[in-house]
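Enquirer: Position 33, counted from 1, in the sequence shown is what the working numbering calls 42; the numbers after and before it change by one each time, with no gaps.
Before anything else, here's the structure in question.
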Amino acid sequence: MKTLKIAVAALIIAGGTLGAFAFTKAEKSDKKVLNTYYPVKTAGSSFTWQQLNPADYECVSGGAACAGYIATSPPADNTIPTGYTTTNHALQPK
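Below is the structure:
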């Protein structure tokens with residue numbers, strides 16, 4: 010009888026543990042990924058922020074700076090993000 014009580018208690022504990030994990034939140038798989046965006050010259054001193062290989066571009070006058078900006082999404086076109094140092098340059102295809 011004592012063995013039966015121990016076995017039942019063990020089953021209840023195991024069931025409770027499994028039940029607790031069944032209702033916990035799963036990890037979010039949509040974690041934000043950081044990307045590097047570069048200012049690419051369009052017309053005059055206008056520019057857009059794009060993901061690209063900077064080796065395929067040259068740094069020219071007009072825009073923001075040829076350095077990349079790391080974020081989860083690109084800044085708005087023709088705007089300088091807070092904390093980003095501008096040198097009035099942008100990239101354009103070679």
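Just so it is clear, CB atoms sit at the ideal spot from N, CA and C, and this is done for glycine as well.
(1) Give me, in chain order, the residues of the same chain whose beta-carbon lies closer than 7 Å to that of P102; leave out the 5 immediate sequence neighbours on both sides.
(2) Quick one: does A76 have its CB under 8 Å from some CB of chain C?
(3) State the DSSP-derived secondary structure class of T91, mapped to helix, strand or coil.
(4) Measure the Cβ-Cβ separation of A99 and V42 and say whether it is below 8 Å.
(5) Under 8 Å by Cβ, that's how I've got Y4 and Q59 pegged, so tell me the actual separation to the nearest angstrom.
(6) With a 10 Å radius around its C-beta and 16 neighbouring C-beta atoms as the bar for buried, classify A74 as buried or exposed.
(7) If I measure Cβ to Cβ from P90 and keep anything under 8 Å in the same chain, skipping five residues before and after, which residues do I get?
(8) Near S70, which residues of its chain fall below 7 Å by C-beta distance, leaving aside the five closest residues on each side in sequence?
(9) In the DSSP assignment, the beta strand (DSSP E) including L100 goes from what residue to what residue?
Expert: Per the coordinate set shown:
(1) Counting from 1 along the sequence shown, the entry for residue 102 is found at position 93. Answer for P102: D65 and Y66, listed in chain order.
(2) This model lacks chain C altogether, as it is built from one protein chain only.
(3) Here residue 91 corresponds to residue number 82 of the sequence shown, with the count starting at 1. Looking at T91 - three-state DSSP - the assignment turns out to be coil, as it is neither helix nor strand.
(4) As a position in the sequence shown, residue 99 is number 90, starting the count at 1. As a position in the sequence shown, residue 42 is number 33, starting the count at 1. Not closer than 8 Å, so no.
(5) Residue 4 lies beyond the range of the chain shown here (10 to 103); nothing can be said about it.
(6) Taking the sequence shown and counting its residues from 1, one reaches residue 74 at position 65. It is buried - the Cβ of A74 has at least 16 other Cβ atoms within 10 Å.
(7) Stepping through the sequence shown from its first residue, residue 90 is reached at position 81. For P90, the CB contacts under 8 Å within the same chain, skipping 5 residues up- and downstream, are Y78, A80 and P84 in chain order.
(8) Along the sequence shown, one-based indexing puts residue 70 at 61. Cβ within range, chain order: N97 and H98.
(9) In the sequence shown, counting from the first residue as 1, residue 100 sits at position 91. Taken as a continuous stretch (DSSP letters only), the beta strand (DSSP E) holding L100 covers H98 to P102.
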